[in-house]
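See below:
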């Protein structure tokens, strides 16, 4: 609970600080916000935060939704460039062709702020995301603790090749090194989706009914796995953990459907993206990477995040 209160205080301070850095000329700024998929609560929260911060600063925000399609996103960003946006806030829809919009924007002299995902072949001028490596390591350590270091783990992967998938894989693997009795017996993509998470988890349980842990690398997939466990009529307990701290995931932690998740600071990401856009356009130096803390969230400390998402 101490960590939670500390984070909420830091979030409130950051909001007040970012709210004080606006400049008069920023009111003429036009930001293009290219979102991967607004059907996902995580991306929706970032969108809402960017638009709210834009309104507070008097900045124009033009939002486009790729609906998970990389080709659609490339076309949308080309259109934003022709509309003469000043800065692009970019959440890639996938690993495929992720660098194309960055190169196009930079060719037009438009700074790029990559959020959550960064194109390795064409990174943004700054990258804002959660420290998913550290977060996933913490989650693995939690799993080791609640299972007493023994069990069979099945992992539901997100989009292969994307930054969060790669980082969460790395961190979780690092965390498991301290628990040799925990064995990863299956890894399979479920594309960040709850319905696919359910289908994949159900198939994995049919092949290996002795699975004792599911790690969905996003809350939606974890919720699908929890549903598969529920209908599976297993003769043993299964620990199910997620990552994101989506509203649905937080409610599932509160009700006991999920054992834990890692809560990301989505609202702060949006505010930081707008502040970075203003600074970049003003010619100020912005860090190449801006990683935010995630918080291990269980039934014991979930309530504050449901009242106010960081």
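In mature numbering (1 follows the signal peptide of the UniProt record, and there is no 0), the protein residues as written are -26 to -1, 1 to 284. Glycine is no exception: its CB is placed at the ideal position from the N, C-alpha and C atoms. Remember, predicted model here, so these are calculated numbers, not experimental data.
Check this for me: beta carbons of residue i and residue j, under 7 Å apart or not?
{"i": "residue 219", "j": "residue 199", "result": "no"}
{"i": "residue 102", "j": "residue 86", "result": "no"}
{"i": "residue 106", "j": "residue 142", "result": "yes"}
{"i": "residue 37", "j": "residue 126", "result": "no"}
{"i": "residue 75", "j": "residue 35", "result": "no"}
{"i": "residue 113", "j": "residue 243", "result": "no"}
{"i": "residue 279", "j": "residue 232", "result": "no"}
{"i": "residue 191", "j": "residue 132", "result": "yes"}
{"i": "residue 241", "j": "residue 23", "result": "yes"}
{"i": "residue 123", "j": "residue 59", "result": "no"}
Which whole-angstrom value describes the C-beta separation of residue i and residue j, a residue pair presumed to lie in contact below a C-beta threshold of 8 Å?
{"i": "residue 196", "j": "residue 214", "result": "6 Å"}
{"i": "residue 259", "j": "residue 227", "result": "Actually they are not in contact, since the Cβ atoms of residue 259 and residue 227 sit about 39 Å apart, beyond 8 Å."}
{"i": "residue 3", "j": "residue 33", "result": "5 Å"}
{"i": "residue 162", "j": "residue 130", "result": "7 Å"}
{"i": "residue 55", "j": "residue 40", "result": "Not really, about 15 Å apart at Cβ, beyond 8 Å."}
{"i": "residue 175", "j": "residue 188", "result": "6 Å"}
Going by C-alpha to C-alpha distance, which of the options sits closest to residue i?
{"i": "residue 70", "options": "43, 177, 210, 251", "result": "43"}
{"i": "residue 267", "options": "207, 239, 173, 261", "result": "239"}
{"i": "residue 128", "options": "77, 46, 76, 203", "result": "203"}
{"i": "residue 184", "options": "163, 173, 209", "result": "209"}
{"i": "residue 66", "options": "22, 55, 50", "result": "50"}
{"i": "residue 29", "options": "110, 53, 245, 189", "result": "245"}
{"i": "residue 221", "options": "11, 15, 6", "result": "15"}
{"i": "residue 12", "options": "169, 20, 6", "result": "20"}
{"i": "residue 205", "options": "177, 6, 164, 217", "result": "177"}
{"i": "residue 140", "options": "159, 109, 118", "result": "109"}
Query raised in the report: What are the uninterrupted segments assigned as beta strand (DSSP E) that are 3 or more residues long and contained completely in the segment 66 to 152, given in chain order?
Result: 86 to 89, 100 to 104, 125 to 131
Query - Length-filtered (3 minimum) beta strand (DSSP E) runs lying within the segment 22 to 68 - result: 34 to 39, 61 to 64
Query raised in the report: If you pair each beta-carbon of the segment 153 to 169 with each one of the segment 89 to 98, do three or more pairs fall below 8 Å?
Result: no
Query raised in the report: Within the chosen definition, does the segment 248 to 265 reach the segment 131 to 150 through at least 3 CB pairs nearer than 8 Å?
Result: no
Report task. For the segment 194 to 231, list the beta strand (DSSP E) runs that are entirely contained and at least 3 residues long, ordered along the chain. Result -> 213 to 215
Report task. Just list the alpha helix (DSSP H) runs in the segment 254 to 281, keeping only unbroken ones of 4 residues or longer that don't cross its boundaries, in chain order. Result -> 277 to 281
Requested in this report: Taking only runs that begin and end inside the segment 149 to 175, name each unbroken beta strand (DSSP E) of 3 or more residues, in chain order.
Outcome: 156 to 163
**Report entry** Inside the segment 231 to 255 only - beta strand (DSSP E) runs reaching at least 3 residues
**Finding:** 235 to 237
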